[in-house]
Amino acid sequence: MSAPTTEIDAGLPLVHAVNVTKAFHGVEVLKGIDLDVRKGQVVCLLGPSGSGKTTFLRCINQLETIDGGRIWVDGELMGYEERAGTLHRLTNKAIAAQRREIGMVFQRFNLFPHKTTVENIMEAPIQVKGENKAQARERAIAMLARVGLQDKPAAYPAQLSGGQQQRVAIARALAMQPKLMLFDEPTSALDPELVGEVLAVMRELATEGMTMIVVTHEMSFAREVADHVVFMDGGVVVEQGDPTSVINNPQHERTRSFLRRVQSEPQAVEHVPESLRDAIIAEKHHLGTDPGLNEVE
Ligand SMILES: Nc1ncnc2c1ncn2[C@@H]1O[C@H](COP(=O)(O)OP(=O)(O)OP(=O)(O)O)[C@@H](O)[C@H]1O
Ligand SMILES: [Mg+2]
């Protein structure tokens, strides 16, 4: 038998993680994580360094194998097939097929330095999905416009600011037409004045209905954009709920001390700009330069 049929009902969450465990060299870093993310929801994962946030994201898209528990994405059991009550690892090909439905954006953008923005965005659709070049290019150009960089198709990463590079990385993930986007501290490597433009793009994506799991220390994003906030510490979910309850009225001392610490650090943005356009205008004002949205004057 395959996975219990109730798990693939359309009404179930897009991401359904149950009792996920993961150890590295005998040290358990995920100690039974449960998480549900409904279609269109934005979930923020908060937690101190080493709490397991990155590991959990990597387990969702099978960059790490899990030791116990189950993760379903859109009704599909990730990485495994259940036969006669036993889990069998899927083939690499089947795992790659599952993974291409999930976009991931990291702290470091990892763009190919010798490829232009459009070539960076076209790469995976051509190599992974076997799309033809013309189609991939057309979508790449559309995705660049989506992140406000329609005027930079021929730029190389080194010619772009960190914020622009991260927007290209988001466009690259979107070009695969994922059903889920995972963000791992997408703004933490950026100069503070470039954080707003990336958060604004993420906010727009959220508004359009993209399902997203976002690891971030930007509390404004968690407060203003997330539907649900999860606080992790030491490989467990300590508490979760709607942003206002968790952030303004945390129930656990560990959450309180984490929030005190984060909120005492300077936050890059007090408010997430409503749109990329707003963010660019604010930046222009701040920098006196053009961060790359031509029509904004
Ligand atoms: N590949 C690995 N090999 C061994 N240990 C690892 C590996 N990846 C993560 N760890 C350990 O697992 C624990 C959780 O790490 P993880 O990167 O998931 O934390 P995090 O919450 O993302 O932290 P940060 O906020 O610093 O990014 C840490 O103790 C880390 O050292
Ligand atoms: Mg991390």
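In the working numbering, the protein residues as written are 147 to 443. Every residue, glycine too, gets a C-beta built ideally from N, C-alpha and C.
Nearest to residue i by alpha carbon, out of the options?
i	options	result
residue 502	186, 257, 175 and 172	Coverage of the chain is limited to positions 147 through 443, which leaves residue 502 absent and any answer about it impossible.
residue 326	352, 368, 264 and 241	352
residue 282	319, 167 and 178	319
residue 340	304, 177, 366 and 414	414
residue 322	202, 259, 277 and 196	277
residue 420	231, 184, 367 and 179	367
residue 286	304, 389, 394 and 267	267
residue 171	189, 181, 213 and 197	213
residue 432	229, 357 and 338	338
residue 261	430, 416 and 298	298
residue 239	226, 231 and 230	226
residue 265	241, 242 and 290	290
residue 197	343, 217, 169 and 354	169
residue 178	380, 296, 336 and 390	380
residue 259	180, 395 and 306	306
residue 294	230, 388 and 343	343
residue 334	412, 243 and 391	412
residue 241	389, 229, 218 and 336	218
residue 180	230, 385, 231 and 211	385
Look at residue i and residue j and say whether their C-beta atoms are less than 7 Å apart.
i	j	result
residue 376	residue 191	yes
residue 301	residue 263	yes
residue 371	residue 408	no
residue 251	residue 316	yes
residue 292	residue 274	no
residue 194	residue 404	yes
residue 176	residue 201	yes
residue 183	residue 215	no
residue 199	residue 378	yes
residue 346	residue 428	no
residue 393	residue 423	no
residue 249	residue 324	yes
residue 358	residue 173	no
Who pairs with residue i in a beta bridge, going by DSSP?
i	result
residue 327	249 and 358
residue 190	360 and 375
residue 183	161
residue 216	164
residue 302	DSSP, once it has assigned bridges, lists no residue as partnering residue 302.
residue 263	Bridge partners of residue 263: none, in fact.
residue 176	168
residue 232	229
residue 383	378
residue 223	218
Is residue i near ligand 1 - that is, is its Cβ less than 6 Å away from at least one heavy atom of it?
i	result
residue 334	no
residue 199	yes
residue 403	no
residue 377	no
residue 196	yes
residue 170	yes
residue 347	no
residue 189	no
residue 175	yes
Checklist entry - Do the segment 244-260 and the segment 295-312 touch if we need at least three Cβ pairs shorter than 8 Å? => result The segment 244-260 is in contact with the segment 295-312.
Checklist entry - Does the count of Cβ pairs from the segment 215-224 and the segment 393-406 closer than 8 Å reach three? => result no
Next on the checklist: Quick check: the segment 160-173 against the segment 201-211, are at least 3 beta-carbon pairs closer than 8 Å?
Outcome noted: Yes, the segment 201-211 touches the segment 160-173.
Next on the checklist: Under 8 Å: do the segment 320-335 and the segment 347-367 share three or more Cβ pairs, one atom per stretch?
Outcome noted: yes
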